[in-house]
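Okay, so the sequence shown: first residue is 2 according to our numbering, each after it adds one.
Backbone N, C-alpha and C fix where the C-beta goes; we use that ideal spot for every residue, glycine too.
These numbers come from a predicted model, not from an experiment.
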Amino acid sequence: MSTVPKSRGLSTLWRTKSVESSLADSTGPENGLKRSLGVTDLTLMGIAVAVGAGIFSVGANAAANFAGPGVTLSFILAAVTCGLAIMCYAEFASTIPVAGSAYTFTYATLGEFLAWIIGWDLILETLTGAAVLAKYWGIYLSTVFAGFGLDVPDTLSIGPLELSWAPFVIVAFFTVLLVLGTQLSSRVGSVFTVIKVAIVLFVIVVGFFFVKASNYTPFVPESQPRPAGEGDVWTQSLFSFVSGAEPAQYGVFGLLAGASLVFFAFIGFDVVATSAEEVKDPQKTMPRGIFLGLGIVTVLYVLVSIVLTGMVSYRDLAAVEAPTLATAFDLVGVGWAAQVIAIGALIGLTTVIMVLLLGLARIVFSMARDGLLPRWLAKTSATRKTPVRVQVIAGVLVALIAGFTDVGVLEEMINIGTLSAFVLVSIGVIVLRRTRPDLPRAFRVPLSPVLPILAAVLCVWLMFNLTTLTWARFAVWLVIGVVVYFAYGRRHSRVGLGEDAAAPAPAVDAGGRPH
């Protein structure tokens, strides 16, 4: 083992971890993961994490308050942006098939400091995402109980504290499954995913019987000022705040703002990439599974948006405080569909929580394996080859946050964390092409560097359409992350200590295993 100078200058912020070192780490007896997932598993995982309760609500909100019937274009724009970024993920995952997703990719290309920042962002995305959706899972469970005439309290009193018990139950269930094995949890998640897709298709088919062509006019409504009392300094987009433009609804900018909002529907495909180290034949499986999942999800969301805006006028949706797909069915006199939608949302959220818990554990696991977080978090079970310690800690944290706090205010934090990761991965693809052209790539982003640059620009634009309050909270999170990095990560980095500076390039077979 060679050593490197333990310089503390700014140049150490840009030290990179070699691809060979990352591949070698994935084969360690104490911190390697078992490869057990195939194309179908990855496809269903992508659908599982992207098709949640949002398919029944986020489109209605975007249509009512931002884009009108043009919300269909908002979904397509968000899908194109996600697709461009996912192409970059697919190239990386086929080149460096190890856990960590954007964090690992950034470490190999743009340096340790930016890798830490993106890992910190991904922790934000998955931690807040799992907690927010676990909380909503409890809310939908209460709705389902009420629909069947059951009065089940959704909180329990523990001394002076009020505990939302349902998030605890669902998080504990999937934490145990993930500890037992990724393949087992994937199989259980697949069953839930098939059921929720069937419910979505049922809702789409029923809704088409109530579509009226007149509701699609105007397809992109004229821009108009936001209602009085809305659009203050914290709730307007950063773009409006910086440019001085008056916050507005509808029009072209409303359609773009709608794309930023519905982008929430596509988060999670980056989380699928965190499972690269657990995929069989990752060079081929990762790109196929990710793209197939994205294609199915895009079709489902576009069909739901077409049905939603065709059933009722966007003006009628805007008259409701919190419009959902169920609102549209109520307005056309099909109230029973609300219960079906509530069950679909409940099942939809179930699998999203599972995949986010998996992603959170894999990101922390990868950062700990590199020494940027305590290394004892990177130990895997000798029998099941799952990161038991970090998976249990992640489950406990998510359960506590969802059970005891109001996490709804953190929804947009999920989007900004994902988009920032997309930006760096898109740039990283270009860098790795130049620095390591010798690496085998089972998938290559076409028209590089044009498409990766376009992906980065579109993601930055969507970020600028998020609220200033979201940016302020994001800045606070980044400051905390920088403090943690300089206080701990930088001093304990394995690359910085020279522990893997000369790791050999392992020969890898078709299954991603060394030989």
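Between D271 and A422, the gap from beta carbon to beta carbon is short of 8 Å. Going by C-alpha positions, T468 is about 11 Å away from N416. A distance of 8 Å or more separates the beta carbons of N466 and S224.
The criterion of a C-beta distance shorter than 8 Å is satisfied by A369 and A379. Taking the CA atoms as reference points, T471 sits about 22 Å from I354. Contact between Y486 and W117 is confirmed by a C-beta separation of about 5 Å, below the 8 Å threshold. Judged by beta-carbon spacing, V300 lies beyond the 8 Å limit of G71, meaning their Cβ atoms are not closer than that value. Shown here, E163 sits in a strand according to DSSP, grouped into three states.
By the neighbour-count criterion, in which a residue is buried when 16 or more other Cβ atoms sit within 10 angstroms of its Cβ, K213 is exposed.
By the C-beta density criterion, I97 is buried, having at least 16 other C-beta atoms within 10 angstroms. Between P324 and A65, the C-beta gap is smaller than 8 Å, which places the two residues in contact. For R188, the closest C-alpha among the options T328, M414, A49, V308 is that of A49.
Between the alpha carbons of T41 and V59 lies a distance of about 27 Å. Contact annotation: the region 320 to 339 touches the region 302 to 312, with at least three C-beta pairs closer than 8 Å. Taking a C-beta distance under 8 Å as the contact criterion, A339 and Y141 do not qualify as a contact pair. T468 sits in a strand when the DSSP states are folded into three classes. Apart from the 5 residues on each side of it in sequence, I196 sits with its Cβ closer than 7 Å to the Cβ of I348 in its chain, given in chain order. Close CB contacts of S23 within its chain, under the 7 Å cut and outside five residues either way in sequence, are with I97, V99, T105, A109 (chain order). Collapsing the DSSP output to three states places Q237 in coil. Assignment of beta-bridge partners to L357 by DSSP yields no partner.
Burial is judged here by how many other beta carbons sit within 10 angstroms of a residue's own beta carbon; S95 has at least 16 and is buried. Taking C-beta atoms under 8 Å as the contact rule, A395 and L358 qualify, at a distance of about 6 Å. Straight-line spacing of the CA atoms in W337 and V52 works out to 22 Å. Only residues of its own chain outside the window of five on either side were considered, and among them V72, S75, G259, L262, V263 have a CB closer than 7 Å to the CB of A63, listed in chain order. By the Cβ criterion, the region 111 to 125 is in contact with the region 478 to 492, since at least three pairs of Cβ atoms, one from each stretch, lie closer than 8 Å.
The way I'd put it, the region 78 to 90 does touch the region 454 to 464; three or more beta-carbon pairs between them come closer than 8 Å. Beta-bridge analysis with DSSP links S158 to E163. A488 and T107 have their alpha carbons spaced roughly 21 Å apart. Contact between A68 and L256 is confirmed by a C-beta separation of about 5 Å, below the 8 Å threshold.
In the structure shown, the three-state DSSP call for P226 is strand. L448 carries a coil assignment under DSSP once its states are collapsed to helix, strand and coil. Annotated three-state conformation of V280 is strand, per DSSP. Distance check between S367 and each of G120, V177, L425, I268 places G120 closest, using alpha-carbon atoms only. The beta carbon of V496 is closer than 6 Å to those of R16, K18 in its chain, skipping five residues each way along the sequence.
Counting only runs that start and end inside the region 273 to 359, the alpha helix (DSSP H) elements of at least 4 residues fall at 283 to 312, 315 to 319, 326 to 332.
For W377, there is no enclosing alpha helix (DSSP H), as DSSP gives it neither H nor E.
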